[in-house]
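Residue numbers (our numbering): 115 to 382. Working notes, structure below.
This is how it looks when you write it as structure tokens:
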């Protein structure tokens with residue numbers, strides 16, 4: 115008799131709320147938000163502008179403390195910046211005075227990893243990211259796509275269990291973005307890192323993820339999840355296209371319902 119094994123939750127948010135003081139007024143970004151991401155899963159998060167998606171990732175990473183609720187990584191509390199959780203921002207944020215290798219090794223340097231070991235690990239992730247020939251290049255010598263791959267490599271260098279991506283490819287042209295989406299899946303298949311990413315692109319969300327989580331208008335919470343039942347490895351075209359199209363249509367319908375509900379509340 116085979117026992118069904120329930121996957122571990124790599125990251126979990128329980129009833130998380132977060133607000134900000136804006137010119138003396140309280141702005142509630144997240145309200146009683148619950149979210150789970152299983153080990154080795156890829157989850158995409160979509161929602162209206164200003165609904166708290168980026169705030170969600172910063173709270174999940176430990177950069178921002180929640181006002182209320184709990185953030186867990188593998189059933190232990192995340193309190194402050196956590197080495198188990200890596201975060202990649204929308205901009206690469208590479209240090210302009212360091213070459214690519216030194217940029218990628220920087221978090222290991224901060225963690226006190228000896229120089230020989232951190233450079234070896236930096237070279238390993240640069241090879242994974244397809245940048246091993248650019249270790250001595252300076253950031254201003256990289257294209258936008260290469261700079262973002264360097265930022266991904268930097269986040270992977272400490273070998274995090276969870277990688278959080280905040281619209282990492284949104285500033286790139288469509289062709290480069292599609293290529294990097296495919297490269298991200300290749301990186302995931304090699305590292306096994308759990309991934310949660312925020313994106314405004316519904317097509318990107320359904321292509322990359324196992325589930326798409328749809329957020330409400332601010333204050334943000336998860337209103338529904340849409341499974342993407344396509345096998346891996348995936349192709350944008352061919353047999354997977356119908357699955358992606360159906361999932362994308364469902365996401366759009368949920369977002370439209372959320373917008374309609376918000377308009378009705380404002381009218382009332």
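Note that CB positions come from ideal geometry on N, CA and C, so glycine has one too.
- According to DSSP, residue 125 shares a beta bridge with 151 and 187.
- Leaving aside the five residues that flank residue 183 on each side, the residues in its chain whose CB is nearer than 7 Å to its CB run, in chain order, 127, 128, 129, 130 and 131.
- For residue 125, the number of other beta carbons within 10 angstroms of its own is at least 16, and it is reported as buried.
- Cβ atoms of residue 222 and residue 187 stay farther apart than 8 Å, at about 20 Å.
- The Cβ neighbour count for residue 189, taken over all protein chains shown within 10 Å, is under 16; the residue is labelled exposed.
- Between the alpha carbons of residue 351 and residue 359 lies a distance of about 10 Å.
- Fully contained in the segment 234-264 is no beta strand (DSSP E) run of length 3 or more.
- Going by DSSP, residue 292 is part of the alpha helix (DSSP H) stretching over 288-305.
- If you compare the alpha carbons of 262, 237 and 259 with that of residue 250, the shortest gap goes to 237.
- Secondary structure of residue 178 (DSSP, three-state): coil.
- In the three-state DSSP reduction, residue 308 falls in the strand class (E or B).
- In the DSSP assignment, residue 341 falls within the beta strand (DSSP E) that extends over 336-341.
- Restricting attention to 260, 280 and 194, the CA atom closest to the CA of residue 293 is found in 260.
- With respect to the 8 Å criterion, residue 326 and residue 312 are not classified as neighbours on the basis of their beta carbons.
- Residue 211 has its alpha-carbon roughly 20 Å from the corresponding atom of residue 230.
- Comparing C-alpha distances from residue 165 to each of 180, 208 and 141 shows the shortest one belongs to 141.
- For residue 215, the enclosing alpha helix (DSSP H) has its first and last residue at 214-224.
- Exclusion of the five residues before and after residue 310 leaves 151, 157 and 278 as the residues of its chain whose Cβ lies within less than 6 Å of its Cβ.
- Residue 318 counts as buried, since no fewer than 16 other beta carbons sit within 10 angstroms of its beta carbon.
- Straight through space, the alpha carbons of residue 289 and residue 296 are spaced by roughly 11 Å.
- Pairing residue 330 with residue 160, the inter-Cα distance amounts to about 9 Å.
- In the structure shown, residue 351 falls within a coil segment according to DSSP collapsed to helix, strand and coil.
- Residue 299 is a Cβ neighbour of residue 348, given a cutoff of 8 Å.
- Sixteen is the threshold: when 16 or more other Cβ atoms of the shown chains lie within 10 Å of the Cβ of residue 333, as they do, the residue is buried.
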